[in-house]
DNA sequence: AAAAAAC
């Protein structure tokens, strides 16, 4: 009951309604609360229902935390091992944060209260004995705040040495996380540094640099590894190690080797290092591996894959008669209609595809920018900055931006190509699909995804995606009909 | 017939 009152006060804001970001906290008000009986079942029964029996945790110590004070948490399942009790934090004040950090949260970040995942995970992160944590939560639900706040809070401001390291899959994500960290930690005086590849022109080789003194380091695996082996990044004081997009960081075809190497090197030198693994996705294979990577006594938060889709983002599919028709759909339907709907990201499968689409749209008179990993570093930074500053409306991207990229004005995502497994092109890459969808609808905002489909393979891949996430993706009957597209945007709440 | 990082 207290929740309701609090939410009501939270909603008072001076911003005009149209601009006001929709928060998960608001979304929760509209959900039907979980039936009381469901949360009062015995623990054993609860464990079965939650599907934790196949998780590699100490059976004797297994314990389910239901967080009864947060009924809207019904779709995040918490499993703790050991006897440490955790209480969900309904307010940031419940977390013993410093005044400086609270100021960062309220004044700089303009947060009111923890989101679901923050309420559950932060006590787990911040309570001794600082157990490892594997945390899954919806796209745009505020995972970054969990680990950034975790790092800022656990760092001792008086120790002038690296104490927290965060590893991300792309330089864009590392930069973004560093920006969040600096904003949130503005009043704390805690120092930070980005360990990301630089253009050779304006960078000093690491061998000639002084050792890193920053208290928090956020970067990409290659550069972190390089700094460590060059003995410029000392890890003896590191007490918290974060993997953002952890499923990808520990996937066989991701950064598994680098990540394990870094983790082992740190844990060998720094004895009590807490490891945090965050992502919106953990497929079964990665999940099973990840559970073996963390220490025996750890905490877990997972979401069922059927519940991962974002309710606020409506998905559509449209069949086109030939591959080339996709350009026309983008141009004549989506871009012309989408002009005033916020920003758009168009995902393509290959760098070459990105370049071809870019040329076509520019020839047709559209202003678009394109980002791929092969661009020069400063060029990448410029394109991302322009998009984040709202100077560009439409961004073509490979999967370099599929994960984590946070731009609240993105309302439209176009899958120009569906994400597929590179070794089995008839198999969708479900995780990438979900991450791409998650670029729209940040923090519960409205959004739409258009999947452009050509041929039997696309149809099959799309069907598999629908089955996997138990979602029906509405078909737009006629790719040439402006009316159909308008109807779609209207039903997505964008028009 | 991939993208990412970085060698």
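In the UniProt record's numbering, the protein residues as written are 1 to 495. Backbone N, C-alpha and C fix where the C-beta goes; we use that ideal spot for every residue, glycine too. Because the structure is a prediction, the values reported are computed rather than measured.
Applying the criterion that 16 or more other CB atoms from any shown protein chain within 10 Å of the CB defines a buried residue, is residue i buried or exposed?
i: residue 367; result: exposed
i: residue 236; result: exposed
i: residue 447; result: buried
i: residue 431; result: buried
i: residue 106; result: exposed
i: residue 458; result: buried
i: residue 303; result: buried
i: residue 160; result: exposed
i: residue 132; result: buried
i: residue 423; result: exposed
Give me, in chain order, the residues of the same chain whose beta-carbon lies closer than 6 angstroms to that of residue i; leave out the 5 immediate sequence neighbours on both sides.
i: residue 255; result: 221 and 249
i: residue 392; result: 369 and 386
i: residue 361; result: 368
i: residue 485; result: 333 and 337
Shortest alpha-carbon distance to residue i belongs to which of the options?
i: residue 252; options: 282, 231, 464 and 417; result: 282
i: residue 170; options: 434, 384 and 474; result: 384
i: residue 389; options: 205, 80, 343 and 401; result: 343
i: residue 438; options: 345, 122, 84 and 328; result: 345
i: residue 487; options: 89, 224, 114 and 315; result: 315
i: residue 398; options: 85, 420 and 471; result: 420
i: residue 354; options: 219, 94 and 327; result: 327
i: residue 452; options: 358, 299, 333 and 260; result: 333
i: residue 418; options: 288, 102, 189 and 466; result: 466
i: residue 497; options: 108, 130, 92 and 102; result: With the chain covering only 1 through 495, there is no way to say anything about residue 497.
i: residue 356; options: 341, 396, 382 and 373; result: 396
i: residue 76; options: 102, 239, 168 and 143; result: 143
Taking 8 angstroms as the threshold (C-beta atoms), are residue j and residue i in contact?
i: residue 273; j: residue 266; result: yes
i: residue 125; j: residue 241; result: no
i: residue 545; j: residue 449; result: Since the first and last residues shown for the chain are 1 and 495, residue 545 lies out of range.
i: residue 245; j: residue 401; result: no
i: residue 111; j: residue 305; result: no
i: residue 138; j: residue 310; result: yes
i: residue 196; j: residue 230; result: no
i: residue 499; j: residue 335; result: Summary: the structure shown does not reach residue 499, with the chain confined to residues 1 through 495, and so no result is reported for it.
i: residue 247; j: residue 279; result: yes
i: residue 117; j: residue 98; result: no
i: residue 318; j: residue 134; result: no
Skipping 5 residues on each side, what residues in its chain have a beta carbon closer than 7 angstroms to that of residue i?
i: residue 156; result: 163
i: residue 322; result: 454
i: residue 289; result: 250
i: residue 232; result: 206, 209, 211 and 212
Within a Cβ cutoff of 8 angstroms, which residues of the same chain sit near residue i, ignoring the five residues on either side of it in sequence?
i: residue 199; result: 376, 377 and 378
i: residue 182; result: 192
i: residue 122; result: 89, 95, 114, 146, 149 and 150
i: residue 127; result: 84 and 86
i: residue 271; result: none
Counting only runs of 3+ residues fully inside the stretch 381-456, write out the beta strand (DSSP E) ranges in chain order.
394-397, 410-415, 424-428 and 447-453
Ordered list of alpha helix (DSSP H) runs contained in the stretch 188-274, each at least 4 residues
221-229, 246-249 and 256-269
Going residue by residue through the stretch 261-343, where are the continuous beta strand (DSSP E) segments of at least 3 residues, counting only ones entirely within it?
274-279, 298-302 and 313-319
At which residue ranges does the UniProt domain "DEAD-box RNA helicase Q" (90-119) contain complete alpha helix (DSSP H) runs of 4 or more residues, listed in the order of the chain?
99-103
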